[in-house]
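Notes for the one structure printed next.
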Amino acid sequence: MIFELRDLEVDYGVIRALKGISLHIEKGEIVTLIGANGAGKSTTLRTISGLIKPKSGSIIFEGKDITKLPATKRVASGISQAPEGRRIFADMTVAENLEIGAFLRTDKEAVKDDILDVYERFPVLGERRKQQAGTLSGGEQQMLAIGRALMAKPRLMLLDEPSLGLSPVLVKQIFNIIREINESGTTIFLVEQNARMALKIADRGYVLETGEITLTGTGAELAESDEVQRSYLGH
């Protein structure tokens with residue numbers, strides 16, 4: 013097991029956003045967390061990244077308790093995130109954004125090779141390497157956000173709503189890329205409102221409702237579940 017949440021509780025003021033959730037991810041898996049808006053999905057990822065402090069519970073990565081580790085140390089330990097809304101640096105070039113993704117690394121020559129690998133995976137970013145990131149399309153910005161997260165050489169990659177606001181053609185492309193990244197050895201934890209696409213590529217999934225996990229199973233089992241079909245797949 014590469015990752016585990018144990019009884020995680022998070023408060024926003026007087027509101028309990030996460031009510032003691034537990035989940036685990038095996039090495040090499042794609043695991044998805046699905047749920048409605050406001051269910052606590054992004055809160056879960058932000059807590060794993062170290063951007064939100066939990067009230068109680070534990071975050072375990074590769075057998076170590078990282079609950080109190082600062083966010084930058086979590087990146088250094090092997091966890092990176094492509095956040096919701098891309099959050100790229102709009103005034104910087106594509107190349108500069110990718111370099112920032114590797115800011116904790118000391119192997120500068122390998123960083124150059126990894127940037128070339130990102131351009132190979134996302135040819136459009138290679139074509140636009142000197143362009144300001146803010147001038148890219150939504151789909152290109154999402155590719156840049158994923159590419160930047162890859163530059164940290166994560167063993168666990170957190171993806172927060174990667175398909176948000178993208179056309180159906182681009183959504184398909186992004187999900188194919190996620191699958192390829194996973195096949196090349198990166199474990200993925202995917203938060204996604206497009207439950208149909210997420211469950212199609214996920215080994216396993218969890219359903220989060222108002223801060224509690226209500227269902228878990230393989231991607232296929234959840235896609236077949238009456239409750240999931242009714243609530244998230246529009247059947």
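Its first residue numbered 13, the sequence shown is counted upward by one per residue in the numbering used here.
Beta carbons: idealized from backbone N, C-alpha and C, even for Gly.
Note that this is a predicted model, so its numbers are computed, not measured.
In three-state terms, what does DSSP make of residue i?
i: Thr-222; result: coil
i: Ile-64; result: coil
i: Leu-182; result: helix
i: Ile-14; result: coil
i: Gly-146; result: helix
i: Gly-32; result: strand
i: Thr-105; result: strand
i: Ile-127; result: helix
If you draw a straight line from the alpha carbon of residue i to that of residue j, how long is it in whole angstroms?
i: Gln-144; j: Gln-205; result: 29 Å
i: Leu-170; j: Val-26; result: 27 Å
i: Ile-225; j: Met-209; result: 20 Å
i: Val-123; j: Val-130; result: 10 Å
i: Ile-33; j: Gly-217; result: 14 Å
i: Ile-200; j: Val-87; result: 14 Å
i: Lys-39; j: Gly-62; result: 21 Å
i: Ile-78; j: Arg-18; result: 12 Å
i: Leu-220; j: Arg-141; result: 38 Å
Are the C-beta atoms of residue i and some chain C residue less than 9 Å apart?
i: Asp-23; result: Given the protein chain composition of this structure (a single chain), no chain C is represented.
Bridge partners of residue i, per DSSP?
i: Met-169; result: Ser-92 and Ile-200
i: Lys-76; result: Phe-73
i: Tyr-24; result: Ile-27
i: Gly-229; result: Gly-217
i: Val-43; result: Phe-201 and Arg-216
Any idea if residue i is buried or exposed, counting beta-carbon neighbours within 10 angstroms, 16 or more meaning buried?
i: Glu-239; result: exposed
i: Glu-132; result: exposed
i: Ala-102; result: exposed
i: Asn-188; result: exposed
i: Ser-175; result: buried
i: Met-13; result: exposed
i: Arg-242; result: exposed
Rounded C-beta distance between residue i and residue j? I'm assuming under 8 Å.
i: Ser-54; j: Val-203; result: 7 Å
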